[in-house]
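Letter 171 of the sequence shown, counting from 1, is numbered 170 in numbering that gives the first Met the number 0, and no numbers are missing. The beta carbon of each residue, even a glycine, is placed where N, CA and C say it ideally should be. Report on the structure given below.
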Amino acid sequence: MDSAGFSMKLWPPSLSTRLMLVERMTKNLITPSILSRKYGLLSKEEAEEDAKQIEALAFDSANQHFDKEPDGDGSSAVQLYAKESSKLMLEVIKRGPQTKESAEGIVSEKVKASDETTIFDISKGRRDFLSAEEASELLKPLSEPGNNYKRICFSNRSFGVDAAKIAGPILSSLKDQLTEVDLSDFVAGRPEEEALEVMEIFSSALDACDLRYLDLSNNALGEKGIRAFGALLKSQKNLEELYLMNDGISEEAAQAVCGLIPSTDKLRILHFHNNMTGDEGALAISKLVKHSPALEDFRCSSTRVGSEGGVALSQALGECRNLKKVDLRDNMFGVEAGIALSKVLSIFSGLTEIYLSYLNLEDEGSIALANVLKESAPSLEVLEMDGNDITAKAAPALAACIAAKQFLTTLKLGENELKDEGAILIAKALEDGHGQLTEVDMSTNAIRRAGARCLAQAVVNKPGFKVLNINGNFISDEGIDEVKDIFKNSLHVLGPLDDNDPEGEDYDEEADEGGDNENDLETRLKDLDIKQEE
């Protein structure tokens, strides 16, 4: 490789470099200084948001500069990137902290102005069938000489063949500048034959675009639709985000996706929600996942995947060490797939959100996952395990895991069978720390008075806490009154209780009137150590 070819690597910066800059700017924005004493110190949340916007705007400016000097070595773009970041950061510091009610800040205004010149979005108009004349008028800005549109969104408008023939040449003329394309829900209501022809026209027009983002969701693609987009998919070697949700992705369609896309080395986000994938389709997707080492956000929820497919997906995720968000909800994994997933979880050190609801994990699978999560994912913020037939047997392992996750904001364990024994242990795990907690869902768990009281006491004084859901349980009228009294100064935090059944199964009227049994239960569990299940 010659020196000129090597020097081109100065720009663009890698994703890790960009994230490192955001982290560094965030730290600078929350560090006390002479300027912060004068203008005020930003909160960490506001600083993080400002830092992300600063970096995005600086990157966009530098990237435009680089595009104008394609033969350069990229050093001038790097210098501009750093200069713009520093300038905008100083402006934010001088702006100072803002309340939600205050006007948009310097960065937001500049990002918005920048977005207006780079994003072409027709999705917010009325949902209708586009005629050729309407398409010609609507897409006119894309034909203007010197436009700088990099991102287009045609969602929510239904293109027929005539309108597609208008759009095709226009899109083809933008091949060298487009980086993000959203064609979700763009053939709604069209007959299959016409929809497939429209897809082929768009695919041909966008063939060879060097995209970073592609959304083909909500188009009932099936295998035929995937193959209609074959030219476009075959030309994508640098995709970072791919969305194929609610597309009727069957086993054959999933295999087609994997066979058409030549490379997923840079893929960070992959969403397959609400498809007919099944086990065989999951096996195909697992091959794609296995070759996506940069994956950070994987969603394969509501895809009819059973145990075999769940095991394959879990093993494939073991190649994705950068995962931050995993959503596998509403599949038929079962215990075996749950255990397979637990064997790879420990490598996801940056995991912040995990959604495992309605997977038939039962106690065995849930315990395996909780035990591994306890020792990994230190920054976990969201843990959802609703509807998994979890009983009090798994509660010690879950409680130990929850106690270790001090950055949790959302905990959902609804529609299980934890009962009072489990609820009290979960409550105890939440008592200390957990200052960022905003939501706890323990609905439909056969919880009675003692469990409800402990949960309420555990979260009532958490700063920023928003909702406790204990609906659908067996809490006595006296228990409801106790809980409401605990939240007397913040009743809005207590979720609805209209599905509570004070006379539910296992209800002992005499015991509840005296309260002895429940108080005894609470006393027996109060000093129980939270430890992992052996």
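Leaving out the 5 sequence neighbours to the left and right, which residues in its chain are closer than 6 Å to glutamate 481 when beta-carbon positions are compared?
Taking the sequence shown and counting its residues from 1, one reaches residue 481 at position 482. Within the same chain, glutamate 481 has close Cβ partners Arg452.
Rounded to a whole number of angstroms, what is the C-alpha to C-alpha distance between aspartate 175 and alanine 402?
By one-based count along the sequence shown, residue 175 stands at place 176. By one-based count along the sequence shown, residue 402 stands at place 403. Straight-line Cα distance between these residues: approximately 51 Å.
Report the three-state DSSP secondary structure of tyrosine 80 (helix, strand or coil).
Here residue 80 corresponds to residue number 81 of the sequence shown, with the count starting at 1. It is helical.
Curious, which full-length alpha helix (DSSP H) runs of at least 4 residues does the stretch 376-407 contain?
394-403
My guess is that lysine 373 and alanine 399 are in contact by the Cβ rule of under 8 Å, so how many angstroms apart are they, rounded?
Counting from one through the sequence shown, the residue named residue 373 turns up at place 374. Counting from one through the sequence shown, the residue named residue 399 turns up at place 400. Contact holds; Cβ gap of about 5 Å.
Just reading off the alpha helix (DSSP H) that valine 482 is part of, what are its end residues?
The residue given as residue 482 occupies position 483 in the sequence shown. 476-485 is the span of the alpha helix (DSSP H), which, as asked, contains valine 482.
Does DSSP put serine 157 in a helix, a strand or coil?
Walking along the sequence shown from the start, residue 157 turns up at place 158. DSSP places serine 157 in strand when its eight states are reduced to three.
Indicate the three-state DSSP secondary structure (helix, strand or coil) for methionine 19 in the structure shown.
For the purposes of this step, residue 19 is taken as residue 20 along the sequence shown, with counting starting at 1. Three-state DSSP puts methionine 19 in a helix.
How about lysine 465 and glutamate 438: are their beta carbons less than 7 Å apart?
By 1-based counting over the sequence shown, the position of residue 465 is 466. By 1-based counting over the sequence shown, the position of residue 438 is 439. Cβ atoms of lysine 465 and glutamate 438: closer than 7 Å.
Serine 154 beta carbon less than 7 Å from that of aspartate 181
The count along the sequence shown starts at 1 and reaches residue 181 at position 182. The count along the sequence shown starts at 1 and reaches residue 154 at position 155. Yes, Cβ-Cβ distance for aspartate 181 and serine 154 is below 7 Å.
For valine 371 and serine 348, believed in contact at Cβ under 8 Å, the rounded distance
Residue numbering aside, residue 348 sits at position 349 when the sequence shown is read from its first letter. Residue numbering aside, residue 371 sits at position 372 when the sequence shown is read from its first letter. Going by Cβ atoms, the distance from serine 348 to valine 371 rounds to 12 Å, so no, they are not a contact pair.
DSSP beta-bridge partners of isoleucine 118
Residue 118 sits at position 119 when you count from the first residue of the sequence shown. Its beta-bridge partners are Arg150.
Taking C-alpha atoms, which residue in Asn359, Leu350, Val334, Gln314 lies nearest to lysine 342?
Mapped onto the sequence shown, residue 342 falls at position 343. Ranking Asn359, Leu350, Val334, Gln314 by Cα distance to lysine 342 puts Gln314 first.
May I ask which residues mark the beginning and end of the alpha helix (DSSP H) holding leucine 231?
Along the sequence shown, read from residue 1 onward, the residue named residue 231 stands at position 232. That run of the alpha helix (DSSP H) goes 229-233.
If I measure Cβ to Cβ from leucine 14 and keep anything under 6 Å in the same chain, skipping five residues before and after, which residues do I get?
Locating residue 14 in the sequence shown gives position 15, counting from the first residue. Closer than 6 Å at the Cβ level, and outside the excluded window around leucine 14, lies no residue.
Reduced DSSP secondary structure (H/G/I, E/B, other) of isoleucine 260:
Position 261 of the sequence shown, counted from the start, is the residue given in the question as residue 260. Looking at isoleucine 260 - three-state DSSP - the assignment turns out to be coil, as it is neither helix nor strand.
Could you give the distance in angstroms between the alpha-carbon of valine 600 and the alpha-carbon of proline 11?
Given a span of 0 to 533 for the chain in the structure shown, any question on residue 600 remains unanswerable.
How many Å lie between glutamine 235 and arginine 211 at the Cα?
Counting from 1 along the sequence shown, the entry for residue 235 is found at position 236. Counting from 1 along the sequence shown, the entry for residue 211 is found at position 212. So the alpha carbons of these two residues sit roughly 9 Å apart.
Rounded to whole angstroms, what's the CA-CA distance from lysine 404 to glutamine 97? Just pull it up for me.
In the sequence shown, counting from the first residue as 1, residue 404 sits at position 405. In the sequence shown, counting from the first residue as 1, residue 97 sits at position 98. Looking at the two C-alpha atoms, the distance is approximately 30 Å.
So the candidates are Ala55, Asn460, Thr408; which of them puts its Cα closest to the Cα of leucine 436?
What you label residue 436 is simply residue 437 of the sequence shown in a count that begins at 1. Residue Thr408 is the option with its Cα nearest to leucine 436.
Return helix, strand or coil for glutamate 414, following the three-state DSSP convention.
Within the sequence shown, numbered from 1, the residue matching residue 414 stands at position 415. Glutamate 414 falls in the coil class under three-state DSSP.
Leucine 56 versus aspartate 49: straight-line alpha-carbon distance, rounded
Numbered from 1 along the sequence shown, position 57 holds the residue referred to as residue 56. Numbered from 1 along the sequence shown, position 50 holds the residue referred to as residue 49. Going from the Cα of leucine 56 to the Cα of aspartate 49 covers about 11 Å.
Are the beta-carbon atoms belonging to glycine 337 and leucine 382 less than 7 Å from one another?
Here residue 337 refers to the residue found at position 338 when the sequence shown is read from its first residue. Here residue 382 refers to the residue found at position 383 when the sequence shown is read from its first residue. Taking 7 Å as the Cβ cut-off, glycine 337 and leucine 382 do not qualify as a contacting pair.
Tell me the DSSP secondary structure of lysine 265 in three-state form.
For this step, residue 265 is matched to residue 266 along the sequence shown. Lysine 265 falls in the coil class under three-state DSSP.
Which same chain residues end up closer than 6 Å to leucine 424 when comparing Cβ atoms and leaving out the 5 residues on each side of it in sequence?
Position 425 of the sequence shown, counted from the start, is the residue given in the question as residue 424. So the list reads Ala394, Ala398, once near-sequence residues are dropped.
My assumption, with CB atoms under 8 Å, is that phenylalanine 228 sits in contact with leucine 269. Please give the rounded CB distance.
By one-based count along the sequence shown, residue 228 stands at place 229. By one-based count along the sequence shown, residue 269 stands at place 270. Going by Cβ atoms, the distance from phenylalanine 228 to leucine 269 rounds to 16 Å, so no, they are not a contact pair.
Buried or exposed for threonine 16, please, with buried defined as at least 16 other CB atoms from any protein chain shown within 10 angstroms of its CB.
Position 17 of the sequence shown, counted from the first residue, corresponds to residue 16. Classification of threonine 16: exposed, given that the 10 Å Cβ count is below 16.
Would you call arginine 267 buried or exposed, if buried means 16 or more other Cβ atoms sit within 10 Å of its Cβ?
One-based indexing of the sequence shown puts residue 267 at position 268. Under this definition arginine 267 is a buried residue.
Roughly how many whole angstroms lie between the Cα atoms of tyrosine 506 and arginine 328?
By one-based count along the sequence shown, residue 506 stands at place 507. By one-based count along the sequence shown, residue 328 stands at place 329. Because the pLDDT of tyrosine 506 is 45, which lies under 50, any placement of that residue in the model is unreliable, and the number read from its coordinates should be weighed accordingly. So the two alpha carbons sit approximately 32 Å from each other.
Can you look up glutamate 295 in the DSSP assignment and give me helix, strand or coil?
By 1-based counting over the sequence shown, the position of residue 295 is 296. In the structure shown, glutamate 295 sits in coil (DSSP, three-state: anything other than H, G, I, E or B).
What are the boundary residues of the beta strand (DSSP E) that isoleucine 53 is part of?
On the sequence shown, residue 53 is found 54 positions in, with the first residue counted as 1. Looking at the DSSP string, isoleucine 53 is not in any beta strand (DSSP E); the run it does join, the alpha helix (DSSP H), is 43-67.
Going by Cα to Cα distance, which pick from Leu215, Asp209, Arg303 is closest to serine 261?
By one-based count along the sequence shown, residue 261 stands at place 262. Note that residue 261 is proline in the sequence shown here, rather than serine. Closest by alpha carbon: Asp209.
Spatial neighbours of isoleucine 485 within its chain, please: CB distance less than 8 Å, with the 5 preceding and 5 following residues excluded, ordered by chain position.
Counted from its first residue, the sequence shown places residue 485 at position 486. Within the same chain, isoleucine 485 has close Cβ partners Arg452, Ala455, Gln456, Val459.
Give me the residue from Ala81, His491, Lys323 with the minimum Cα distance to leucine 379.
Counted from its first residue, the sequence shown places residue 379 at position 380. Of Ala81, His491, Lys323, the residue nearest in Cα terms is Lys323.
My assumption, with CB atoms under 8 Å, is that alanine 396 sits in contact with glutamate 420. Please give the rounded CB distance.
Counted from its first residue, the sequence shown places residue 396 at position 397. Counted from its first residue, the sequence shown places residue 420 at position 421. Going by Cβ atoms, the distance from alanine 396 to glutamate 420 rounds to 13 Å, so no, they are not a contact pair.
Note down the Cα distance separating glycine 413 from alanine 311, rounded to an integer number of angstroms.
Against the sequence shown, residue 413 aligns to sequence position 414. Against the sequence shown, residue 311 aligns to sequence position 312. Taking the straight line from one Cα to the other gives about 27 Å.
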